[in-house]
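Its first residue numbered 384, the sequence shown is counted upward by one per residue in the working numbering.
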Amino acid sequence: MKNTILFLVLLCSSPLFAQKSIDKLLAKYNDNSVPYITPQELAMPKTEVVLLDSRELKEYKTSHLKNAIHVGYDHFKIHKVETLIPDKNAEIVVYCSVGIRSESIGDSLKKAGYSNVKNLYGGIFEWKSNNFPVYNAIEKETDSIHTFNKVWSKWLKKGIKVYE
Numbered sequence: 384m385k386n387t388i389l390f391l392v393l394l395c396s397s398p399l400f401a402q403k404s405i406d407k408l409l410a411k412y413n414d415n416s417v418p419y420i421t422p423q424e425l426a427m428p429k430t431e432v433v434l435l436d437s438r439e440l441k442e443y444k445t446s447h448l449k450n451a452i453h454v455g456y457d458h459f460k461i462h463k464v465e466t467l468i469p470d471k472n473a474e475i476v477v478y479c480s481v482g483i484r485s486e487s488i489g490d491s492l493k494k495a496g497y498s499n500v501k502n503l504y505g506g507i508f509e510w511k512s513n514n515f516p517v518y519n520a521i522e523k524e525t526d527s528i529h530t531f532n533k534v535w536s537k538w539l540k541k542g543i544k545v546y547e
């Protein structure tokens, strides 16, 4: 019984100690099928892109990048994007919390024929950690970032961590 409890404790706590950097985290979960764009590159004044937020609605409402379109992850529908962005050559940057879910959505966009899709490196967490602004549901600048849950909140270095 003691061994079973010890095993369960170690199994549940291992994600907390598994990765030491965002590089290792992304290398573990992503295969670089969608090229990255850094927060610094995206923030450059002449960078004009369509921003797609691939997090869930409660995350988006807590904070998102300015002018981002919510497309979600669990209920993502490619036809919604095709309606909103008919130009398959449009420059699109998709993001999520750290860049894992957004790679999956980026893959879906590429399969649908979108030719210029990038994944925001480190997602909204890296964006905020680099002191770039985020906005809440009423488009007011905020420091709150929905971190999905307590485990994932460790990747946010700046801002107010919000999770349920």
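Glycine included, every Cβ here is placed at the ideal spot set by N, Cα and C.
- As the crow flies, the alpha-carbon of Ile483 is around 7 Å from that of Leu409.
- In the three-state reduction of the DSSP assignment, Ile483 falls in the coil class.
- Following the DSSP letters along the chain, one finds Lys501 inside the beta strand (DSSP E) bounded by residues Val500 to Leu503.
- Beta-bridge partners assigned by DSSP to Lys544: Ile528.
- By the Cβ-count criterion, Asn450 is exposed, with fewer than 16 other Cβ atoms from all chains shown falling within 10 Å of its own Cβ.
- Counting along the chain, Tyr478 sits inside the beta strand (DSSP E) bounded by residues Ile475 to Tyr478.
- The C-alpha of Val454 lies about 22 Å from the C-alpha of Asp414.
- For Trp510, same chain residues with a beta-carbon under 6 Å away, outside a window of 5 residues either side, are Pro422 in chain order.
- For Asp414, the three-state secondary structure derived from DSSP is coil.
- Taken through DSSP and simplified to helix, strand or coil, Ile488 comes out as helix.
- If the five residues before and after Ser491 are omitted, its C-beta is found closer than 8 Å to the C-beta atoms of Phe459 and Ile461, all from its own chain and listed in chain order.
- Ser498 and Ala426 have their C-alpha atoms some 21 Å from each other.
- By the 16-neighbour rule on beta-carbons within 10 angstroms, Leu435 is buried.
- As the crow flies, the alpha-carbon of Ser487 is around 20 Å from that of Pro469.
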